[in-house]
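What follows is a short report on a single structure.
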Amino acid sequence: MLAVRQLLPEPAEVDPGVAHAAAARPAPPERPWVLLNMVASVDGATAIDGVSGGLGGPADKTVFRAIRAVADVIVVAAGTARAEGYGPPRTAPADQEARRARGQQAFPRLALVSRSLDLDPTSPMFAEAPEPPLVFTVAGAAPDRHRAVEAVAEVVVLPGDGVDPVELLADLHQRGCRVVLAEGGPSLNAQLVAAGVVDEVDLSLSPMLVGGTSSRVAIGGVERPADLALAHLWEADGLLFARYVRA
Ligand SMILES: NC(=O)c1ccc[n+]([C@@H]2O[C@H](COP(=O)([O-])OP(=O)(O)OC[C@H]3O[C@@H](n4cnc5c(N)ncnc54)[C@H](OP(=O)(O)O)[C@@H]3O)[C@@H](O)[C@H]2O)c1
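The numbering of the sequence shown is the working numbering, which starts it at 1422 and goes up by one.
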């Protein structure tokens, strides 16, 4: 059993699953609560050789699962789904029970964001999904790609040149979604920041230096500074796990 030490707000041993399930996430009236979860090295890298796996380890996986277990929908940009070889979100049996008791589906639903619809319909995130993923896109993708993705997912075509995060969240809200977990990548994160819709950031800080050229946690678009307040700080296996909420 992984020991997770809470350093703040007061020293304690914590169970990440219990603590994340108990955290307050009051959704605004017009959209779901949005939490963004990322792992980064001490020097701000978000990927090694193009994927995030080398930054984490068992402690990060445990916290990652605990965060996923609270989400109704996991939103991920196509670049990350392709790079990381996304599968369907899996939930441990005990978490499934807890989710049902909270009135949630047993598994979070995956929602992909893509302009090109360059998504492999045979990949596990479609082929093994307990519920077909949502795919948010805009008009203009090649018709054959559209048809192929539509056969394995629920495709939502939004107006504009790119999926507007506010419209995406309004759509999810209408479906009864209350907690959205955004898993990146950095370009989608920046759009969420620019739209002013990030309510929570769960950041895993890995005790590594990486260098290189990977993006920081959010990159691109316009700046929109927003203050955050530290809700908790945990440590396990030398990683720090900070939970921030909108100040
Ligand atoms: N450290 C971490 O926790 C973490 C987490 C996530 C990702 N990552 C890393 O981040 C890298 C990928 O990030 P990235 O910034 O290059 O790409 P990304 O944000 O994951 O994906 C970019 C792609 O998403 C789609 N997209 C983004 N915004 C869109 C919009 N508004 N409307 C329609 N489509 C939109 C487009 O897909 P199409 O090309 O299909 O049109 C675009 O090319 C990978 O190396 C991954 O390992 C790290």
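Idealized CB from N, CA, C, for every residue including glycine.
Beyond the five residues adjoining it in sequence on each side, R1637 comes within less than 6 angstroms, by CB distance, of G1465 in the same chain, given in chain order. In this structure, F1557 has its CB closer than 8 angstroms to one or more heavy atoms of ligand 1. Taking 9 angstroms as the cut-off, the Cβ atoms of D1592 and R1446 do not count as close.
Here DSSP, grouped into helix, strand and coil, assigns L1593 to helix. Not one heavy atom of ligand 1 falls within 8 angstroms of the beta-carbon of E1549.
By alpha-carbon distance to D1648, the top candidate from V1666, S1635, E1656, V1631 is V1666. Secondary structure note for L1661: its beta strand (DSSP E) is the uninterrupted segment 1660-1667. Taking 8 angstroms as the cut-off, one finds at least one heavy atom of ligand 1 near enough to the beta carbon of R1536. Around the beta carbon of G1605, 16 or more other beta carbons sit within 10 angstroms, so the residue counts as buried. In the DSSP assignment, L1429 falls within the beta strand (DSSP E) that extends over 1425-1429. Residues of the same chain with a CB within less than 7 angstroms of the CB of V1584, apart from the 5 flanking positions on each side, are V1534, F1557, T1558, V1559 in chain order. One thing to note: V1491 has its Cβ no nearer than 9 angstroms to the Cβ of A1562. If you check the C-beta of T1467 against ligand 1, you find a heavy atom less than 8 angstroms away.
Around the beta carbon of L1476, a 10 Å sphere encloses 16 or more other beta carbons of the protein chains shown; the residue is thus reported as buried.
Assignment of L1540 by DSSP, reduced to helix, strand and coil, places it in the coil class. Residues of the same chain with a CB within less than 8 angstroms of the CB of T1634, apart from the 5 flanking positions on each side, do not exist.
Closer than 8 angstroms to some heavy atom of ligand 1: that does not describe the Cβ of M1629. For the pair of segments examined, the stretch 1571-1579 was found not to touch the stretch 1606-1618: the number of CB pairs separated by less than 8 angstroms stays below three. For F1557, no alpha helix (DSSP H) run applies; the uninterrupted beta strand (DSSP E) run containing it begins and ends at 1555-1559, by DSSP.
According to the DSSP assignment, I1495 belongs to the beta strand (DSSP E) that extends over 1494-1498.
Counting C-beta pairs with one atom in each stretch, the stretch 1534-1545 and the stretch 1506-1523 have three or more that are closer than 8 angstroms, which means they touch.
For E1434, the enclosing beta strand (DSSP E) stretches over residues 1433-1435. In terms of side-chain proximity, the C-beta atom of A1563 is found no nearer than 8 angstroms to any non-hydrogen atom of ligand 1.
V1570 sits buried, since 16 or more C-beta atoms from the chains shown fall within 10 Å of its C-beta.
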